[in-house]
Amino acid sequence: MKSSKQDIHRQIRSEFPYKDEQLTQVVIYGKYWGRFNGLQIGFRQPKVEQNLSGIISAYSTDDRYNNDIHYHGGCLAAQEDTYWRYGSISEDYSKILCPVLLIGGFSNLYNSSIFRLINQLECPKRSILGPWGHQWPDDDYPGPQIGFLQELVQWFDYYIKNPKKVSFLSPQETGLSSGNLLGWGIIYSLDHPIDQREDDGRSLCFESLPLNQDYELFGFPNVKLNLSSNSKNGLICVRLCMIEENSSSSILISRGILNLTLYASHEHSQQLNVDERTSGGKAIFSPKTFLKKNYIFGISIKF
1 MKSSKQDIHR QIRSEFPYKD EQLTQVVIYG KYWGRFNGLQ IGFRQPKVEQ NLSGIISAYS
61 TDDRYNNDIH YHGGCLAAQE DTYWRYGSIS EDYSKILCPV LLIGGFSNLY NSSIFRLINQ
121 LECPKRSILG PWGHQWPDDD YPGPQIGFLQ ELVQWFDYYI KNPKKVSFLS PQETGLSSGN
181 LLGWGIIYSL DHPIDQREDD GRSLCFESLP LNQDYELFGF PNVKLNLSSN SKNGLICVRL
241 CMIEENSSSS ILISRGILNL TLYASHEHSQ QLNVDERTSG GKAIFSPKTF LKKNYIFGIS
301 IKF
């Protein structure tokens with residue numbers, strides 16, 4: 001019989017180490033599934049005040065349905081049900097009691113949840129967010145990298161080894177030594193999305209005039225559309241792109257996807273009324289990038 005995630009979490013919680021009736025301190029540390037499990041186990045409160053001393057969660061999310069990059073916007077899973085709510089700590093942020101360290105990257109799609117978590121968690125928390133992708137911050141592009149292990153040691157010293165008896169202060173202004181926050185080389189990496197011109201040719205596109213200055217783009221964009229459909233079902237994808245000056249390549253900045261049957265609610269899908277105008281909104285993954293002067297900023301909509 002295959003165990004459910006609930007059963008696995010209960011087993012992990014029940015096997016936290018005991019030694020001479022005194023519980024050993026446990027810190028859950030992970031990236032990919034380890035990051036989710038850390039937050040989820042903390043959410044289930046396994047005698048937190050005694051043995052779960054901390055959680056280090058890299059590239060995670062608080063909402064497994066609305067903000068997991070693999071199922072974004074109901075494009076694969078068309079209903080937010082108890083399966084997704086079980087794994088989402090956004091149901092009650094106050095349930096996590098132990099200290100949490102959050103790791104995020106501007107070049108990683110799990111980049112907006114870190115802002116919600118740092119604002120909503122009521123436990124001691126700290127976040128590290130910088131110009132890297134889905135790997136550890138001391139060995140990832142585009143950089144600059146940081147001394148990640150040193151950051152971990154400092155966090156352990158502060159919260160685990162000698163609670164709050166060491167300083168966590170760091171200079172707020174580091175001048176030129178801070179490097180380029182947003183990075184640039186990532187768009188030329190081999191695993192970055194390919195030239196978007198082929199998709200642009202199948203989409204409704206809107207483009208700006210060439211930019212008259214450099215721009216650093218950072219934020220949480222939303223798209224709201226009034227539309228009608230000749231079908232009862234449909235998907236919509238909105239992409240933000242920048243068009244390079246010399247090659248005219250269309251470079252993907254960010255995107256958002258929505259199953260249109262979820263325009264009213266993610267919990268209850270509802271078929272569209274054919275040819276009836278509907279209003280729908282969609283959040284786009286938070287973009288953080290640098291646009292050079294003379295580049296063109298574009299929005300592409302595909303149904």
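In terms of the working numbering, the sequence shown opens at residue 1 and continues consecutively. Glycine residues also receive a C-beta, built at the ideal position from the N, C-alpha and C atoms.
Contact between the stretch 27-36 and the stretch 56-74 is present: 3 or more CB-CB pairs across the two stretches fall below 8 Å. In terms of CA proximity to residue 194, 253 leads the group 253, 153 and 205.
Taking residue 42 as reference, the option from 84, 94 and 119 with the minimal CA-CA separation is 94. Secondary structure note for residue 106: it is in no alpha helix (DSSP H), with a DSSP letter that is neither H nor E.
If you draw a straight line from the Cα of residue 219 to the Cα of residue 66, it comes to about 18 Å. Taking 8 Å as the upper bound for CB-CB distance, residue 242 and residue 159 are not in contact here, some 41 Å apart. One alpha carbon belongs to residue 239, the other to residue 157, and they sit about 43 Å apart. In terms of Cβ geometry, residue 137 and residue 106 do not form a close pair [threshold 8 Å]. Distance from the CA of residue 232 to the CA of residue 271, rounded to the nearest whole angstrom, comes to 5 Å. Pairing residue 25 with residue 288, the inter-Cα distance amounts to about 37 Å. Sequence-distant Cβ neighbours of residue 111 in its own chain, meaning closer than 6 Å and more than five residues away, are 104 and 286. The three-state reading of DSSP puts residue 42 in helix, counting H, G and I together. In this structure, the beta-carbon distance from residue 118 to residue 102 falls below 8 Å. Look at residue 136 here: in three-state DSSP terms it is coil, with no helix or strand label. Counting only residues of its own chain and dropping the five nearest sequence neighbours on each side, residue 120 has a CB closer than 8 Å to the CB of 62, 90 and 93.
Taking the Cα of residue 152 as reference, the smallest distance to any Cα among 198, 300, 45 and 100 is reached at 100. C-alpha of residue 149 to C-alpha of residue 207: approximately 43 Å in a straight line. Non-local beta-carbon contacts of residue 155 in its own chain, meaning distances under 6 Å to residues more than five positions away in sequence, involve 101 in chain order. Cβ-Cβ separation between residue 199 and residue 291: approximately 19 Å, too far for a contact (criterion under 8 Å). Scanning 210, 143, 244 and 264 for the CA closest to the CA of residue 224 turns up 264. Residue 196 and residue 262 have their C-alpha atoms some 27 Å from each other. Between residue 96 and residue 75, the alpha-carbon positions lie close to 30 Å from each other.
Cβ-Cβ distances below 8 Å link residue 145 to 132, 137, 138 and 139 in the same chain, with the five nearest sequence neighbours on each side left out; the list follows chain order.
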